[in-house]
Amino acid sequence: EDQVTQSPEALRLQEGESSSLNCSYTVSGLRGLFWYRQDPGKGPEFLFTLYSAGEEKEKERLKATLTKKESFLHITAPKPEDSATYLCAAHQLSFGAGTTVTVRA
Amino acid sequence: DTAVSQTPKYLVTQMGNDKSIKCEQNLGHDTMYWYKQDSKKFLKIMFSYNNKELIINETVPNRFSPKSPDKAHLNLHINSLELGDSAVYFCASSQGTIGYTFGSGTRLTVV
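Which chain is which? The protein sequence lines are A and B, in order. With the first sequence counted from 1, adding 3 to any position gets you this note's numbering. With the second sequence counted from 1, adding 215 to any position gets you this note's numbering.
Following this line, the structure appears as structure tokens:
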């Protein structure tokens with residue numbers, strides 16, 4: 004059975020303090036590793052799709068990387084508006100529980 | 216314009232009732248989905264619907280049924296509601312395997 008595990012569950016950062024979120028996956032034949040951002044009371048917002056090990060994608064202060072077993076979402080010099088829950092998903096079918104990021108000014 | 220819209224946003228109902236949640240997308244996407252997000256924030260896919268092909272997650276009780284009158288709409292009907300059905304339900308759409316666009320969710324509370 005496909006499994007996606009995210010860590011840590013919660014992350015509190017000072018503004019400007021860079022950090023990384025982890026998404027470990029066990030799936031048969033990965034057809035895409037997706038990252039989403041979810042704000043309270045809203046639906047997930049698509050960030051990235053990664054398809055093969057070694058692939059990297061960037062958007063503003065966010066950078067996603069992929070290996071054969073895990074993906075990382077790096078947040079560089081975060082701002083308070085980066086506060087959200089970040090979800091990863093394999094195939095769009097198996098979602099992790101998310102990492103809730105809080106950035107303090 | 217809202218890309219994927221769901222109604223209602225909140226739904227409170229009694230056990231045993233039958234209810235529907237509506238979803239519409241104006242993106243021209245060819246596939247639509249229903250997801251359930253439980254209290255622990257896990258998102259689980261319930262259905263996907265593409266050109267009249269319905270793929271059902273086997274763990275979904277048959278009290279749940281999707282209805283698609285056309286390519287832009289996918290409604291969710293729930294019969295004989297139970298307490299455990301309380302959750303946030305999200306509709307989403309996609310074109311191919313590009314990242315999905317989600318609606319803002321319907322919070323269902325069964326009392």
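Even glycine gets a Cβ: it sits at the ideal position worked out from N, Cα and C. All figures in this text were calculated on a predicted structure; none of them were measured in a lab.
Query raised in the report: Who pairs with K62 of chain A in a beta bridge, going by DSSP?
Result: Numbered from its first residue, the first sequence carries residue 62 of chain A at position 59. BP columns for K62 of chain A point to A:L65.
Query - Members of the region 59-77 of chain A near chain B, C-beta cut-off 8 Å - result: Among the residues of the region 59-77 of chain A, none has a Cβ less than 8 Å away from any Cβ of chain B.
Query raised in the report: Under 8 Å between C-beta atoms, does P3 of chain A make it to chain B?
Result: No answer is possible for residue 3 of chain A: the residues shown for chain A start at 4 and end at 108.
Query raised in the report: Quick one: what's got a C-beta closer than 8 Å to P284 of chain B's C-beta in the same chain, skipping five residues either side?
Result: On the second sequence, position 69 is the one that residue 284 of chain B refers to. Result list for P284 of chain B: N290, in chain order.
Query raised in the report: Taking all protein chains shown into account, do 16 or more other C-beta atoms lie within 10 angstroms of the C-beta of Q300 of chain B, making it buried, or fewer, making it exposed?
Result: Taking the first residue of the second sequence as position 1, residue 300 of chain B is located at position 85. Reading off the sequence, residue 300 of chain B comes out as Asp, not Gln. So D300 of chain B ends up on the buried side.
Query raised in the report: Roughly how many angstroms separate the alpha carbons of F305 of chain B and I293 of chain B, rounded to a whole number?
Result: One-based indexing of the second sequence puts residue 305 of chain B at position 90. One-based indexing of the second sequence puts residue 293 of chain B at position 78. When the Cα atoms are used, F305 of chain B and I293 of chain B turn out to be separated by approximately 14 Å.
Query raised in the report: Is any heavy atom in the ligand NAD found nearer than 7 Å to the beta carbon of F49 of chain A?
Result: For the structure depicted, the ligand NAD is absent and the ligand set is empty, with no information on it obtainable.
Requested in this report: Could you list which residues in chain A have their beta carbon closer than 8 Å to that of F305 of chain B, in chain order?
Outcome: Position 90 of the second sequence, counted from the start, is the residue given in the question as residue 305 of chain B. What F305 of chain B touches in chain A, judged by beta-carbon distance under 8 Å, is G46 and P47, going in chain order.
Requested in this report: Please name the residues in the region 307-323 of chain B whose beta-carbon is closer than 8 Å to at least one beta-carbon of chain A, in chain order.
Outcome: Correct list: A307, S309, T312, I313, G314, Y315, T316, F317, G318, S319 and G320.
Requested in this report: Mind checking who M247 of chain B pairs with in its DSSP beta bridge?
Outcome: Within the second sequence, the letter at position 32 stands for residue 247 of chain B. Per DSSP, B:Y264 and B:S308.
Requested in this report: Use the C-beta contact count for K251 of chain B: other C-beta atoms within 10 angstroms, 16 or more gives buried, fewer gives exposed.
Outcome: As a first step, residue 251 of chain B must be located in the second sequence, where it is residue number 36. It is buried - the Cβ of K251 of chain B has at least 16 other Cβ atoms within 10 Å.
Query raised in the report: Which chain B residues are close to G101 of chain A, counting only those with a beta carbon under 8 Å from its beta carbon?
Result: Reading the first sequence from its first residue, position 98 is the one you call residue 101 of chain A. Per Cβ cutoff of 8 Å: K256.
Query raised in the report: In the DSSP assignment, what are the bridge partners of N290 of chain B?
Result: Translated into positions along the second sequence, residue 290 of chain B becomes position 75. DSSP output for N290 of chain B lists B:K282 as bridge partner(s).
Requested in this report: Starting from the beta carbon of L96 of chain A, find every residue of chain B whose beta carbon is closer than 7 Å, and list them in chain order.
Outcome: Indexing the first sequence from 1 puts residue 96 of chain A at position 93. For L96 of chain A, the chain B residues whose C-beta falls within less than 7 Å of its own C-beta are I260, listed in chain order.
Query raised in the report: Cβ of S105 of chain A less than 8 Å from any chain B Cβ?
Result: As a working mapping, residue 105 of chain A is identified with position 102 in the first sequence. Note on identity: in this sequence residue 105 of chain A is Thr, with Ser being the wrong assignment. Judged by the 8 Å Cβ criterion, T105 of chain A is not in contact with chain B.
**Report entry** Contacts around W38 of chain A, its chain only, beta-carbon distance under 6 Å, and the 5 residues preceding and following it disregarded
**Finding:** Position 35 of the first sequence holds residue 38 of chain A. Counting only Cβ-Cβ distances below 6 Å, and skipping sequence neighbours, we find L50, F51, A67, L76 and C91.
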